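Trainee: Residue 846 is where the sequence shown starts when you use my numbering, and the numbers rise one by one after that.
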Amino acid sequence: MTYRAGDIVLPATGNLAADSGKSIFLEESYQQKGNVKTFRWEIPYPCIVQLNECPEGPKLNASMNESKESTTEPAREPGAFQLKNRPA
Numbered sequence: 846m847t848y849r850a851g852d853i854v855l856p857a858t859g860n861l862a863a864d865s866g867k868s869i870f871l872e873e874s875y876q877q878k879g880n881v882k883t884f885r886w887e888i889p890y891p892c893i894v895q896l897n898e899c900p901e902g903p904k905l906n907a908s909m910n911e912s913k914e915s916t917t918e919p920a921r922e923p924g925a926f927q928l929k930n931r932p933a
């Protein structure tokens, strides 16, 4: 994805964790000193320049896979994102 922060346009990658209707939340997990850590950030709709879906990358460990596989959310077609209440 690409988003605007002031006069700067920045790239960002991560998993779409949530959509509040006013902004999206991206989440990225990483390993540090043997511990799995999660970083989550919020990007308001008006700051989104471009939103793309990328192929899924490698997982850090099995417990992270289990939590993602147990979601009840229906599967989406690759590249298809629908944001709630996005202004035209």
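Every residue, glycine too, gets a C-beta built ideally from N, C-alpha and C. Predicted model only: the values in this text are computed from it and were never measured.
Among E887, E872 and I888, which has the Cα closest to the Cα of V881?
Mentor: The residue with the shortest Cα to Cα distance from V881 is E872.
Trainee: Could you check what DSSP says for S908 in three-state terms: helix, strand or coil?
Mentor: Residue confidence is low: S908 scores 48 on pLDDT, short of 50, so the model does not pin down where it sits. No coordinate-derived value is stated.
Trainee: Our contact map puts A862 next to R885 with C-beta atoms below 8 Å; I'd like the distance itself, whole angstroms only.
Mentor: That belief holds up - the Cβ atoms of A862 and R885 are roughly 6 Å apart, short of 8 Å.
Trainee: In or out: Y848 buried (at least 16 other Cβ within 10 Å) or exposed?
Mentor: Buried: at least 16 other Cβ atoms inside 10 Å.
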